[in-house]
Amino acid sequence: MTVPHQDPAERRVVVTGPARRSRRTRRDPGYHRPRTEIDEQTTLGHTYVRSLMRSQLRAALAVFAVLALLMGPLPLLFAAMPDAHRLEWAVLGFCLYAPLVLLARWYVRRAERNERDLIRLVEDR
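Below you can see the structure in the form of structure tokens.
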């Protein structure tokens, strides 16, 4: 028995099923924007804010540790040289200024980057 050849235009296959990569729209009842989660103070929103706070705290503790290592030994150094008042002022006025400015710039950039990361996570892009 031979099967007659069908024209490719006549042979159609219909596939039904849920889309694999469907993006939820605002009309979907299960759609929640992260910004809404934060505004409504849900558990997920609390997690977003807590994550931001932790990253900001890590940056602040890093700056504090560097400051403690940089400035902590100075009183001992100054006590070891009691008659070096000009050296003390030179160290405090000139040698510490640049590292303090660099630390401040690093901290501000890090904090802004943490906030941008959260905004990027929260915004629908």
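With the sequence shown counted from 1, adding 10 to any position gets you our numbering.
Where is the CB? At the ideal position from N, CA and C, for every residue including glycine.
Would you report the Cα separation of Trp-116 and Thr-26, rounded to the nearest angstrom?
-> 54 Å
Would you decide whether Leu-62 is buried or exposed? Buried here means 16 or more other CB atoms lie within 10 Å of its CB.
-> buried
Beta carbon of Leu-106, beta carbon of Met-81: below 9 Å?
-> yes
Gln-66 - DSSP class collapsed to helix/strand/coil | Reduced to three states, the DSSP call for Gln-66 is helix.
Does the beta carbon of Val-111 come closer than 9 Å to any beta carbon on chain C?
-> The chain labelled as chain C is not found in the depicted structure, where only one protein chain is given.
Inter-stretch contact (C-beta, 8 Å, three-pair minimum) for the segment 55–74 and the segment 83–103 = no
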